[in-house]
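Sequence lines, in order, name chains A, B, C and D.
Numbers given in our numbering equal positions in the first sequence, counted from 1, plus 53.
Numbers given in our numbering equal positions in the second sequence, counted from 1, plus 53.
Numbers given in our numbering equal positions in the third sequence, counted from 1, plus 53.
Numbers given in our numbering equal positions in the fourth sequence, counted from 1, plus 53.
4 protein chains.
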Amino acid sequence: MDITETNTIFRHRLSVQTRFNDYDILGHLNNTVYLELADLGKTDYFTTAAPKLWNAGNVGMVVANVNADFHAPALPGEPLDVLTAVESIGNKSFILSQRIVCPAKNDQLKCSVRTIMVHIDVRSMHPAPVPECWISTLEDYESRRLRD
Amino acid sequence: MDITETNTIFRHRLSVQTRFNDYDILGHLNNTVYLELADLGKTDYFTTAAPKLWNAGNVGMVVANVNADFHAPALPGEPLDVLTAVESIGNKSFILSQRIVCPAKNDQLKCSVRTIMVHIDVRSMHPAPVPECWISTLEDYESRRLRD
Amino acid sequence: MDITETNTIFRHRLSVQTRFNDYDILGHLNNTVYLELADLGKTDYFTTAAPKLWNAGNVGMVVANVNADFHAPALPGEPLDVLTAVESIGNKSFILSQRIVCPAKNDQLKCSVRTIMVHIDVRSMHPAPVPECWISTLEDYESRRLRD
Amino acid sequence: MDITETNTIFRHRLSVQTRFNDYDILGHLNNTVYLELADLGKTDYFTTAAPKLWNAGNVGMVVANVNADFHAPALPGEPLDVLTAVESIGNKSFILSQRIVCPAKNDQLKCSVRTIMVHIDVRSMHPAPVPECWISTLEDYESRRLRD
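Here it is in structure tokens:
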């Protein structure tokens, strides 16, 4: 049940901005907002790690599953960063690992999110093997082997 | 500064559903949510008042201005209705008048919204005179003269 | 990875209202919105299944984990219902199972969500065993044994 | 109807971050999001212009009216800044003027927002005259006379 991999190395960090209405009546960042922040991290990750492939515009990736652990409430005024890494690449899918942390509190962990993204052939709109160019580009960025 | 027209008759009412995260840290429906609720009322209004014209799919209307008065905070558990009427029709624009009220409190007024919508020719994408069929259909629904 | 339990019986169904801005640039209900809709279903479930306990106001339950499978995109104009059931009750936690379906398409499955909620003692603010009254009330509503 | 004051000088500018789900099915930043961004600008404005008064925590200001002109759609990938100024101070209220612009397009104007905020005595919770310390602090920041 605990999806946090304590040994993941995160090479990508994005500072994110929260809004007044992101905090709910309990005074906490609403759980749904973590997924909006994780989306910001995801887009910036691929723009940074695979700019040519991502910007080619024919990227077919759909989110099949999101699994989020809520560790500590994020409070108004606390800065937040999103850490993102591709954890592994399967035949037709990627697993993305993310953490939302508070850099003002020694990266206190607020939320960890694991996302399964399926690669889609944009012509047939069906799941298709992850192209080799994606695998090699992301392995270069992460400096480690990613395929299962 | 008070945009509430006390003598407007509203023939259209839509019950709207609020969500846990619509309420902010002050325990009030966040001001931005009133505009989301007004959008719900607007769509249902045109679907009801002008179904053939609205569903034809070539509707060109853009929101040019929104003016909202916040009268009383909406609290969790209070049901809310959106009242909508076309107030008047100009040469190339409509003025929509809406109120968000609490039916459990004798229609206590929470927020009034006046929206200026500009009619756009969908071929040229420029403002264009409101077609006669729109004017007559909406005058029929409202049972009164609408053009300025 | 597939969290859908095909044999769960759902006794609770809530019709939910979506908003224009719930649909993203792809024309799909944004993934984060499913969690807002699941929240609506959760609150209505406990209000219906355990009204006395829920309304007592000293309910201490926090969401520890959310796991969502996205099966099919929800499109503008499609009505949506949220089905909710308590799947099981552990020592200090509940597992809630939910599905967001389209009743106009024979309950086509859009998204399934499994939520782990931890029971908190509201005095100490620490996790505490789920009280017997909660277990018996929810077992009555679900008409089956829930504790692990 | 056009609320844009061409001669307002804005001393405060905040870069704001938009999210994937801020853009609606038309591919435009949804109108309701401009108000969320304006809120970000407002908070940062008062934190910068009147830090001692704002952080004292007993600030009573409620939004009574929001009036927004939508000039041009904001598109994904366009950076956005919020410009904020107190335009004038009345007996019991402030008028805040804001613009959301695209710095990558020579500050192309996307949206202008005028907000009427009423000063509230936090003990009585009734509207009360704006304190002199607020007026002088904001006049110092804006380098001009603000009271009507």
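Ideal placement from N, C-alpha and C gives every residue a C-beta, glycine not left out.
Quick check on the DSSP output: the beta strand (DSSP E) that includes LEU133 (chain B) runs from which residue to which?
Position 80 of the second sequence, counted from the first residue, corresponds to residue 133 (chain B). Unbroken beta strand (DSSP E) run through LEU133 (chain B): 133 to 142.
Can you name the residues of chain D whose CB is closer than 8 Å to the CB of GLU89 (chain A)?
On the first sequence, residue 89 (chain A) is found 36 positions in, with the first residue counted as 1. Here the neighbours are ARG72, PHE73 and ASN74.
From TYR76 (chain A) to ARG72 (chain C), what distance separates their C-alpha atoms?
Sequence index remark: in the first sequence, residue 76 (chain A) carries index 23 (1-based). Sequence index remark: in the third sequence, residue 72 (chain C) carries index 19 (1-based). Straight-line Cα distance between these residues: approximately 20 Å.
With 16 other CB atoms within 10 Å as the buried threshold, where does LEU133 (chain A) fall?
Taking the first sequence and counting its residues from 1, the one referred to as residue 133 (chain A) is at position 80. With 16 or more other Cβ atoms within 10 Å, it is buried.
Check this for me: beta carbons of PRO129 (chain A) and ILE78 (chain B), under 8 Å apart or not?
Counting from 1 along the first sequence, the entry for residue 129 (chain A) is found at position 76. Counting from 1 along the second sequence, the entry for residue 78 (chain B) is found at position 25. Yes, they are a contact pair.
Name the residues in the segment 102 to 121 of chain C whose C-beta lies less than 7 Å from a C-beta of chain A; which are they?
Against chain A - using a Cβ distance shorter than 7 Å - the residues of the segment 102 to 121 of chain C are VAL116, ALA117, ASN118, VAL119, ASN120 and ALA121.
I need the straight-line Cα distance from VAL119 (chain B) to ASN108 (chain A), nearest angstrom please.
Counting from one through the second sequence, the residue named residue 119 (chain B) turns up at place 66. Counting from one through the first sequence, the residue named residue 108 (chain A) turns up at place 55. Between VAL119 (chain B) and ASN108 (chain A), the C-alpha separation is close to 36 Å.
Could you confirm whether any beta carbon from chain B is found closer than 8 Å to the beta carbon of LEU149 (chain C)?
As a first step, residue 149 (chain C) must be located in the third sequence, where it is residue number 96. Not an interface residue.
Name the chain C residues whose beta carbon is nearer than 8 Å to that of ASP77 (chain D)?
Here residue 77 (chain D) is taken as the residue at index 24 of the fourth sequence, counted from 1. Those within 8 Å of ASP77 (chain D) in chain C are PHE73, ASN74, TYR76, ASP77 and ILE78.
Go through its chain and collect everything with a Cβ distance to ASP55 (chain A)'s Cβ below 6 Å, but skip five positions before and after it.
Here residue 55 (chain A) refers to the residue found at position 2 when the first sequence is read from its first residue. Residue placement at ASP55 (chain A) cannot be trusted, given a pLDDT of 48 that sits under 50; the coordinates are not used to answer.
Roughly how many angstroms lie between the CA atoms of THR96 (chain A) and LEU199 (chain C), to the nearest whole one?
Here residue 96 (chain A) is taken as the residue at index 43 of the first sequence, counted from 1. Here residue 199 (chain C) is taken as the residue at index 146 of the third sequence, counted from 1. Those two C-alpha atoms are separated by around 41 Å.
Just the Cα atoms here: how many angstroms apart are GLY113 (chain A) and VAL86 (chain D)?
Position 60 of the first sequence, counted from the start, is the residue given in the question as residue 113 (chain A). Position 33 of the fourth sequence, counted from the start, is the residue given in the question as residue 86 (chain D). Each residue's Cα considered, the two are about 27 Å apart.
Apart from the five residues just before and just after ARG66 (chain D), which ones in its own chain have a Cβ nearer than 6 Å to its Cβ?
Indexing the fourth sequence from 1 puts residue 66 (chain D) at position 13. Closer than 6 Å at Cβ, skipping near neighbours: ASP134 and LEU136.
Contact criterion: CB-CB distance below 8 Å. Does PRO129 (chain C) meet it with respect to chain D?
As a working note, residue 129 (chain C) is residue 76 in the third sequence. Chain D, which has a Cβ nearer than 8 Å to the Cβ of PRO129 (chain C), makes this yes.
Is PHE123 (chain B) close to chain D? Criterion is C-beta to C-beta, closer than 8 Å.
The residue you call residue 123 (chain B) lines up with position 70 of the second sequence. Yes, contact with chain D.
Measure the C-alpha to C-alpha separation of CYS186 (chain C) and LEU82 (chain C) and round it to an integer number of angstroms.
Taking the third sequence and counting its residues from 1, one reaches residue 186 (chain C) at position 133. Taking the third sequence and counting its residues from 1, one reaches residue 82 (chain C) at position 29. Rounded to the nearest angstrom, the two C-alpha atoms are 38 Å apart.
I believe CYS155 (chain C) touches ALA181 (chain C) by the beta-carbon criterion, under 8 Å. Please report the beta-carbon distance rounded to the nearest angstrom.
The sequence position of residue 155 (chain C) within the third sequence is 102, counting from 1. The sequence position of residue 181 (chain C) within the third sequence is 128, counting from 1. Wrong, their Cβ atoms sit about 39 Å apart, outside the cutoff.
In chain C, which residues lie with their C-beta within 8 Å of the C-beta of LEU93 (chain B)?
Taking the second sequence and counting its residues from 1, one reaches residue 93 (chain B) at position 40. Correct list: GLN70, ARG72 and PHE73.
Let me see if you follow: with CB-CB separation under 8 Å, is THR100 (chain C) close to chain B or not?
On the third sequence, residue 100 (chain C) is found 47 positions in, with the first residue counted as 1. No - not a single Cβ of chain B is within 8 Å of the one on THR100 (chain C).
Looking only at its chain, what residues have a beta carbon closer than 7 Å to the beta carbon of ASN84 (chain D), apart from the 5 residues adjacent to it on each side?
Stepping through the fourth sequence from its first residue, residue 84 (chain D) is reached at position 31. Excluding sequence neighbours, ASN84 (chain D) sits near PHE123.
Taking Cβ-Cβ distances below 9 Å as the criterion, which residues of the segment 133 to 147 of chain C are in contact with chain B?
Listed by position along the chain: nothing, the set is empty.
By how many angstroms is the C-alpha of LYS158 (chain B) removed from the C-alpha of SER165 (chain C)?
On the third sequence, residue 165 (chain C) is found 112 positions in, with the first residue counted as 1. On the second sequence, residue 158 (chain B) is found 105 positions in, with the first residue counted as 1. Near 37 Å, if we compare the C-alpha coordinates of LYS158 (chain B) and SER165 (chain C).
For chain D, find out if any of its Cβ atoms is closer than 8 Å to the Cβ of THR96 (chain A); answer yes or no.
Position 43 of the first sequence, counting from 1, holds the residue named residue 96 (chain A). At least one chain D Cβ lies under 8 Å of THR96 (chain A).
Quick one: list the residues of chain A neighbouring THR85 (chain B), beta-carbon separation under 7 Å, in chain order.
Within the second sequence, residue 85 (chain B) is the residue found at index 32, counting from 1. Ordered by position in chain A, the residues that pass the 7 Å Cβ test against THR85 (chain B) are ASN74.
Contact defined as beta carbons within less than 8 Å: I believe ILE62 (chain C) pairs with VAL115 (chain C). What is the distance between those atoms, to the nearest angstrom?
Within the third sequence, residue 62 (chain C) is the residue found at index 9, counting from 1. Within the third sequence, residue 115 (chain C) is the residue found at index 62, counting from 1. Going by Cβ atoms, the distance from ILE62 (chain C) to VAL115 (chain C) rounds to 27 Å, so no, they are not a contact pair.
For the putative contact between ALA103 (chain A) and GLU195 (chain A), defined by C-beta atoms under 8 Å, what is the C-beta separation to the nearest angstrom?
Translated into the one-based positions of the first sequence, residue 103 (chain A) becomes position 50. Translated into the one-based positions of the first sequence, residue 195 (chain A) becomes position 142. Actually they are not in contact, since the Cβ atoms of ALA103 (chain A) and GLU195 (chain A) sit about 11 Å apart, beyond 8 Å.
Report back the beta-carbon spacing between ALA91 (chain A) and VAL171 (chain A) to the nearest angstrom; my notes put them in contact at under 8 Å.
Walking along the first sequence from the start, residue 91 (chain A) turns up at place 38. Walking along the first sequence from the start, residue 171 (chain A) turns up at place 118. Their Cβ separation, rounded to whole angstroms, is 17 Å, which puts ALA91 (chain A) and VAL171 (chain A) out of contact at 8 Å.
Within 10 angstroms of its Cβ, does LYS105 (chain C) collect 16 or more other Cβ (buried), or is it exposed?
In the third sequence, counting from the first residue as 1, residue 105 (chain C) sits at position 52. Exposed, because fewer than 16 other Cβ atoms sit within 10 Å of the Cβ of LYS105 (chain C).
With 8 Å set as the bound, which would you pick, yes or no: does the beta-carbon of MET54 (chain D) sit closer than that to a beta-carbon of chain B?
Taking the first residue of the fourth sequence as 1, we reach residue 54 (chain D) at position 1. Legend: pLDDT at MET54 (chain D) = 38, less than 50; position of this residue unreliable, no value from coordinates given.
Assuming PHE99 (chain A) is part of the alpha helix (DSSP H), what are its boundary residues?
The sequence position of residue 99 (chain A) within the first sequence is 46, counting from 1. Element bounds for PHE99 (chain A): 84 to 102.
Using DSSP's beta-bridge definition, name the partner residues of PRO180 (chain A).
Position 127 of the first sequence, counted from the first residue, corresponds to residue 180 (chain A). PRO180 (chain A) pairs with A:ILE173.
ASP193 (chain C): which of C:GLY80, C:LEU88, C:THR101 and C:ILE169 sits nearest, CA to CA?
Reading the third sequence from its first residue, position 140 is the one you call residue 193 (chain C). Considering only alpha carbons, the answer is C:THR101.
So is CYS186 (chain D) in contact with chain C if we call contact Cβ pairs under 8 Å?
As a working note, residue 186 (chain D) is residue 133 in the fourth sequence. No, its Cβ sits nowhere closer than 8 Å to a Cβ of chain C.
For ASN120 (chain C), write down the residues that DSSP places opposite it in a beta bridge.
Start at 1 with the first residue of the third sequence, and residue 120 (chain C) comes out as number 67. Paired residue(s): A:ASN120 and C:ARG167.
Could you tell me which of D:GLU89, D:GLY94 and D:GLU140 sits nearest to ILE188 (chain D), measuring between CA atoms?
Against the fourth sequence, residue 188 (chain D) aligns to sequence position 135. For the residues D:GLU89, D:GLY94 and D:GLU140, the minimum Cα distance to ILE188 (chain D) belongs to D:GLU140.
Rank A:THR168, A:ALA125, A:SER68 and A:ASP160 by C-alpha distance to the C-alpha of SER150 (chain A) and give the top, closest one.
In the first sequence, residue 150 (chain A) corresponds to position 97, counting from 1. When only C-alpha atoms are compared, the closest one is A:THR168.
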